[in-house]
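Before any comments, here is the structure.
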Amino acid sequence: MKTLNRRDFGVDFGLALVAAILLPATTARADDMEVHIDNFVFQPAELKIKLGTTVTWTNRDDIPHTVVSAGKFRSKALDTDDKFSFTFTNAGDYKYFCSLHPHMTGMIKVE
């Protein structure tokens, strides 16, 4: 085992400090949530979340879908593996649907 001298410690510490300052954080917030679009269904169909939570929808189907809550948010057409995220900054119930397949619906309840 190698002993660490002051110079080595200073270099290692300096590099760690620079990395912490310059590199963006990549950890997701604990309260971020995911909804999967699969087989023409939003899974889960209903979420109860806290204010400030970001929800990310991922299309796992082989055809495009959208995520639309009238007057609140609207995604572009999401191809396979595309994602759409929205951060909920107001409390309330957010009904949403796929504008290409209106029978596909979901609900986000923000407390």
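The sequence shown runs -30 to -1, 1 to 81 under mature numbering (1 follows the signal peptide of the UniProt record, and there is no 0). Cβ atoms here follow ideal geometry from the backbone N, Cα and C, with glycine treated the same way.
Endpoints, beta strand (DSSP E) assigned at residue i
i: Ile78; result: His71 to Val80
i: His6; result: Met3 to Asp8
i: Lys65; result: Gly62 to Cys68
i: Gly45; result: Going by the sequence as given, residue 45 is Ser instead of Gly. First-last for Ser45: undefined, no H or E at that position.
i: His37; result: Rather than His, the amino acid found at residue 37 in this sequence is Val. Unbroken run through Val37: none, as it is neither H nor E.
Nearest to residue i (by Cα), restricted to the options the options
i: Ala15; options: Asn60, Ile7 and Thr59; result: Ile7
i: Lys77; options: Asn9, Val37 and Ile33; result: According to the sequence as given, residue 77 is Met; it is not Lys. The shortest C-alpha separation from Met77 is found at Val37.
i: Glu68; options: Leu21, Thr24, Thr57 and Thr28; result: The residue asked about is misnamed: residue 68 is Cys in this sequence, not Glu. It is Thr28 whose Cα lies nearest to the Cα of Cys68.
i: Glu4; options: Asp51, Thr26 and Gly22; result: Thr26
i: residue 104; options: Gly22, Ala47 and Asp2; result: Past the edges of the chain, shown from -30 to 81, lies residue 104, and the structure says nothing about it.
i: Asp49; options: Asp32, Phe12, Lys65 and Ala61; result: Asp32
i: Ala47; options: Gly41, Arg30 and Lys65; result: Arg30
i: Gly41; options: Gln13, Phe12, Asp2 and Lys65; result: Lys65
For residue j and residue i, the rounded distance between their alpha carbons
i: His71; j: Ser39; result: 14 Å
i: Ser55; j: Val80; result: 15 Å
i: Leu17; j: Met74; result: 15 Å
i: Asp63; j: Ile19; result: 10 Å
i: Phe43; j: Phe10; result: 20 Å
i: Thr24; j: Asn60; result: 12 Å
i: Ser45; j: Phe12; result: 14 Å
i: Asp51; j: His35; result: 11 Å
Beta bridge counterpart(s) of residue i as assigned by DSSP
i: Leu21; result: None, per the DSSP bridge assignment.
i: Thr59; result: DSSP, once it has assigned bridges, lists no residue as partnering Thr59.
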